[in-house]
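In the numbering used here, the protein residues as written are 14 to 238.
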């Protein structure tokens with residue numbers, strides 16, 4: 014598969030050859046869904062909380078006397094039968110309660126298959142030298158317009174903080190733009206945005222890096238040619 018490579022001004026400057034077989038050859042919808050659900054579930058903070066009787070700040074005084082009123086006997090207002098009272102079954106969820114897992118090789122195959130899905134839909138913009146001389150939001154918006162990105166986009170930047178500093182500062186206030194490190198691309202980030210914008214060298218490194226080790230052999234299976 015030949016993927017066009019663009020300059021910062023939006024001009025096509027060449028092609029990048031990517032091996033479809035290394036990315037799964039065909040889109041595996043079941044695998045992608047499983048990985049997407051896992052990544053989405055693992056983003057949950059697990060902060061669901063509700064208060065039991067002990068956690069409420071009400072007075073512990075009996076609300077009315079035990080006998081002589083003709084009403085049912087009651088203690089304080091913290092009872093779960095009272096409006097505003099404590100919950101009988103308190104929720105104390107943690108992050109681990111929502112966490113899901115997948116075998117490492119399945120995750121890597123899903124991540125590579127997600128890239129194949131984006132490539133087949135022509136939703137990947139490979140840039141020859143993704144960098145900015147200065148940090149200006151206006152320049153980044155013009156860059157997106159030049160490469161014809163008009164929907165939600167994921168911009169994968171270099172893991173080197175000095176190299177990606179200006180691009181990161183330029184893009185952080187742009188609506189509809191999400192940022193991530195190129196070596197941390199995953200199924201959720203790619204499928205949750207319409208376009209993927211990435212530097213050619215970063216994409217080659219990702220294809221040849223640990224993400225390509227999806228077989229039984231320890232060596233990389235290759236991706237870019």
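Ideal placement from N, C-alpha and C gives every residue a C-beta, glycine not left out.
Distance between beta carbons of residue j and residue i, contact taken as under 8 Å
| i | j | result |
| --- | --- | --- |
| residue 211 | residue 162 | So it is not a contact: roughly 12 Å between Cβ atoms. |
Own chain, CB closer than 8 Å to residue i, minus 5 neighbours either side, in chain order
| i | result |
| --- | --- |
| residue 113 | 50, 51, 54 and 55 |
| residue 218 | 195 and 196 |
| residue 146 | 179 |
| residue 28 | 15, 16, 17 and 18 |
| residue 22 | 159 |
| residue 106 | 59, 60, 61 and 62 |
Proximal residues to residue i (C-beta, below 7 Å), its chain only, five neighbours per side dropped
| i | result |
| --- | --- |
| residue 86 | 79 |
| residue 9 | No information on residue 9 is available, as it lies outside the stretch 14 to 238 that the chain covers here. |
| residue 148 | 179, 182 and 183 |
| residue 118 | 227 |
| residue 74 | 89 |
| residue 171 | 177, 195, 212 and 215 |
| residue 187 | 150, 153 and 154 |
| residue 201 | 49, 52 and 53 |
| residue 207 | 136, 164, 165 and 166 |
Proximity winner among the options, relative to residue i (alpha-carbon distances)
| i | options | result |
| --- | --- | --- |
| residue 94 | 117, 65 and 81 | 65 |
| residue 34 | 26, 187, 132 and 155 | 132 |
| residue 126 | 30, 16, 20 and 199 | 199 |
| residue 61 | 104, 193 and 149 | 104 |
| residue 174 | 154, 144, 83 and 101 | 144 |
| residue 31 | 207, 128 and 153 | 128 |
| residue 97 | 40, 26 and 72 | 72 |
| residue 40 | 124, 169 and 82 | 124 |
| residue 20 | 47, 156, 206 and 83 | 156 |
Beta-carbon gap between residue i and residue j smaller than 8 Å
| i | j | result |
| --- | --- | --- |
| residue 176 | residue 18 | no |
| residue 136 | residue 209 | yes |
| residue 57 | residue 108 | yes |
| residue 130 | residue 192 | no |
| residue 142 | residue 165 | no |
| residue 227 | residue 122 | yes |
| residue 134 | residue 59 | no |
| residue 167 | residue 203 | yes |
Beta-carbon proximity list for residue i, same chain, < 6 Å, skipping 5 on both sides
| i | result |
| --- | --- |
| residue 99 | 64, 65, 66, 69, 91 and 93 |
| residue 13 | The structure shown does not extend to residue 13, since the chain spans only 14 to 238, so no value can be given for it. |
Neighbour-count burial assignment, residue i, 16 or more Cβ in a 10 Å radius
| i | result |
| --- | --- |
| residue 231 | Bear in mind that a pLDDT of 47 at residue 231, under 50, signals an unreliable position, so the model cannot answer this. |
| residue 37 | buried |
| residue 120 | buried |
| residue 43 | exposed |
| residue 224 | buried |
| residue 101 | exposed |
| residue 25 | exposed |
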